[in-house]
Amino acid sequence: MVSLQDVVGTEGGVICTDTGEVSAFWASFSFQQQRRNSKVESQFNRGIPMDLIMESAAPLMCGVTPEIYDLGVDFEHLSLAKARELGLGQALAELLEKDAPDRRTILNVARRWGGTEAQDVLKNGDILVAVDGKIATSFREVERCTQKPEVQLTIVRDGREMHLDVKTLFMERTEINRIVFWQGLLLQAPPLSVSAQRSISLDDGIYVSCRYSGSPAARYGPPPTSRIKEIDGIEIRSIDDFLSVVTAKSTNDSVRIKYTDLSGKDRLSTLKLEPKYWPTSELVNEDGEWRRHHH
């Protein structure tokens, strides 16, 4: 990110060099800040470097969809001194310090995304040394080195240096291309933010993104941000699983729903169906257009 010494009043725009070349896009970022017993919304302004933007914009300008991969890991900065305490050897510490002598910080695993291979292979607290043999001590270096289907990570865990092969996540897989309307619920595959923040797999049930007032679901159904895991004892892992179960039900049938909230607690509810007034339908993104299908 690019910061400026002078205070800038604008919320958007570009940062240019003396010759007029655009070097960054000026943007506003929001975050939550703890104040006493509550959280308040705050914001700050920074410039997004153009090389970051052009990695996606350049293929789009040529009519090509950019292929973006992610390791599926949230890293945090760790001081070299702290890393030494956690078992990083002297030789590796000197090697990492040469890569970032000004920062004197490296990366360790803070959180792994649900449903990724990184969740199974890595552990929180692993110290990152290199990606495919290239030293990586910043978020940007990791991002650049992982734009491929599979990488080899060099890490330090419990004082031992390890080499691990990890498949990356193809980000196109995380796009939402199907939305189901059922009894006043808006349902979809779990969004990427849930996978990243709660370590929930993208195939772990279907996600309730909205619940309409006055609907059957508003009285008895699962609330937004929960995931439907079972219908009448039948496991639900995908939208296809869900539709195959609910479309077989008749008018005025009742279904038993098992759902899970974001904290992982399972709950049960019984919902009486009213398909006459709340029919089941689906929006599907096909060839770049959204089309509605009735079930």
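Residue numbers (my numbering): 1 to 295. We put the beta carbon where it would ideally sit given N, CA and C, even for glycine.
Taking 8 angstroms as the upper bound for CB-CB distance, residue 190 and residue 237 are not in contact here, some 11 angstroms apart. Excluding the 5 residues flanking it on each side, residue 131 has same chain C-beta neighbours closer than 8 angstroms at 141, 142, 145, 146, 151, 152, 153 and 154, in chain order. The C-alpha of residue 184 is placed about 48 angstroms away from the C-alpha of residue 106. DSSP lists 181 and 294 as the beta-bridge partner residues of residue 281. For residue 139, the number of other beta carbons within 10 angstroms of its own is below 16, and it is reported as exposed. Below 8 angstroms, enough C-beta pairs join the stretch 272–286 and the stretch 169–182 to call them touching: three or more. Boundaries cannot be given for residue 3, as no alpha helix (DSSP H) includes it and DSSP labels it neither H nor E. Listed in chain order, the beta strand (DSSP E) runs fully inside the stretch 130–177 are 150–157 and 160–167, counting runs of at least 3 residues. By the 16-neighbour rule on beta-carbons within 10 angstroms, residue 174 is buried.
Shortest Cα-Cα distance from residue 11 to any of 211, 39, 201 and 44 involves 44.
Beta-bridge partners assigned by DSSP to residue 228: 206 and 259.
Under the DSSP definition of a beta bridge, residue 13 partners with 26. Each of 225, 248 and 176 was checked against the Cα of residue 288, and the nearest Cα belongs to 176. Listed in chain order, the non-local C-beta contacts of residue 255 below 6 angstroms within the same chain comprise 231, 232 and 271, local neighbours out to five positions each way being set aside.
The C-beta distance from residue 222 to residue 259 rounds to 4 angstroms, short enough to fall under 8 angstroms. Collapsing the DSSP output to three states places residue 272 in a strand. Excluding residues up to 5 positions away in sequence, 243, 247, 280, 281 and 282 lie with their Cβ nearer than 7 angstroms to the Cβ of residue 295 in the same chain. Residue pairing from DSSP places residue 42 in a beta bridge opposite 31. Between residue 93 and residue 84 the beta-carbon gap is near 6 angstroms, inside 8 angstroms, which marks them as a contact. The C-alpha of residue 5 is placed about 43 angstroms away from the C-alpha of residue 120. Residue 291 and residue 21 have their C-alpha atoms roughly 42 angstroms apart.
Non-local C-beta neighbours of residue 76 in its own chain, meaning closer than 6 angstroms and more than five positions away in sequence, comprise 110, ordered along the chain. Taking 3 residues as the minimum length, the beta strand (DSSP E) runs contained wholly in the stretch 51–133 are 73–79, 105–112 and 127–131, in order along the chain.
Going by beta carbons, residue 65 and residue 96 fall outside the 9 angstroms limit. With a 10 Å radius around the Cβ and a threshold of 16 neighbouring Cβ atoms, residue 205 comes out buried. Residue environment for residue 166: buried (at least 16 other C-beta atoms within 10 angstroms of its C-beta).
Comparing alpha-carbon positions, the option among 117, 40, 24 and 25 lying closest to residue 31 turns out to be 40. Put simply, the backbone Cα of residue 156 is about 15 angstroms away from that of residue 134.
Just measuring C-alpha positions, the residue of 213, 196 and 276 sitting nearest residue 262 is 196.
Pairing residue 116 with residue 161, the inter-Cα distance amounts to about 22 angstroms.
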